[in-house]
Each structure stands twice: as structure tokens, then as C-alpha cells.
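So the sequence shown is numbered by the numbering used here: it starts at 1039 and just counts up by one. Written out below as C-alpha cells is the structure these notes cover.
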Amino acid sequence: MSLITPDFGLFFWMTIVFLVVLFILWKWGFPVIVKMVDERKAFIDESLKKAHEANERLANIQKEGESILQEAREKQAQILKEAAETRDAIVEKAQDKARSEGARLLDEAKAAIEQEKKAAIADIRKQVATLSVEIAEKVLRASLKDDKSQMDLIDRMLDDVSAK
């Protein structure tokens, strides 16, 4: 007997045992193994499908987020524009009001100045008239001290009245 070449009896029994083990595995082992492999494959395929769907949802969510962000930016720009327009309108309104108030105050000041001017002119006329009367009185007293100068003045006045 040699170590490298087995005996025919040993070979026969090894073949029988191999076929029995193969039959047992074929009948009960391989279906369980194949079933577990198929289940694992189905689980992996389902997980990949769910991962792909999750990636699609994530991409859609990112797109929605970007569109919402863009919409928010547009609304922000619109609000800022409206705020600027409102500010400009308020400033313009305040400037118009200030102009009209300034014009009204200027008109009132002009009217007050005109009244003061008229009052001052009336006062000056009154003072000039008073001074003129006083001066005329003094001049007449000085020139009409005697009866002859008084008669001359009366004659001149009568001549002036009759000439008109």
C-alpha cells in the first residue's frame, strides 16, 4: 500500500459517504443556504432601493430647500425695496411738509414785518405831524408877535383862498 494511492475499498466508502453527505446537503442544507442567500440578496436589494429612494428624496428636499431659500431671498429683496420706497415717501412727505411749514412761517413773518413797518410809518407820520405843528407854532409865535405881522398873515391867507 502506498500513501499516495488509496485502496479501492477506502475509495468506495469515501464515495458512498460523499454521496450521502451530498444528498443530505442537497435535500436539506443547500435549500436553506440558498434561501438565506436569496433572503440576504433581497434584503440588500431592498436596502439599496431604499437608499436610492432616500437619495432621491434628499435631492428633492435639497431642491425644495434651495427654491424656498431663493423665494425667501426674493421676498427679502421685495421687503427691503418696499421699505426703501416707504422711507423715501416718508422723507419726501416730511420735506414737503417742512417746505410748506417754512413757506407759511415765512409768509407770517413777512406779514408781521409789513404790519410793523406800517405801524412804524404811522408812528413816524404822527411824530412828524406833531413836530411840524410844534415847529409851525413856534415859528408863527415868533413871526406873529405884533399886530401888523398878524394882519399881513391873514391877508396873505385870504388872498390864497380867494385865488383858488
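Think of the CB as a built atom: it goes at the ideal place given N, C-alpha and C, for glycine as much as any other residue.
query: Considering only residues of the segment 1065–1133, which uninterrupted beta strand (DSSP E) runs meet the minimum length of 3 residues and lie entirely inside it, listed in chain order?; result: none
query: The alpha helix (DSSP H) that contains T1053, what's its start and end?; result: F1046 to I1062
query: How would you write the range of the alpha helix (DSSP H) that K1186 sits in, first residue to last?; result: D1185 to A1201
query: For K1205 and K1079, I'd like the C-alpha separation in whole angstroms.; result: There is no way to answer for residue 1205, as the model of the chain reaches only from 1039 to 1202.
query: For a test of the three-state rule: what should DSSP assign to I1042, helix, strand or coil?; result: coil
query: Express the C-alpha separation of A1201 and E1175 in angstroms, rounding to a whole number.; result: 25 Å
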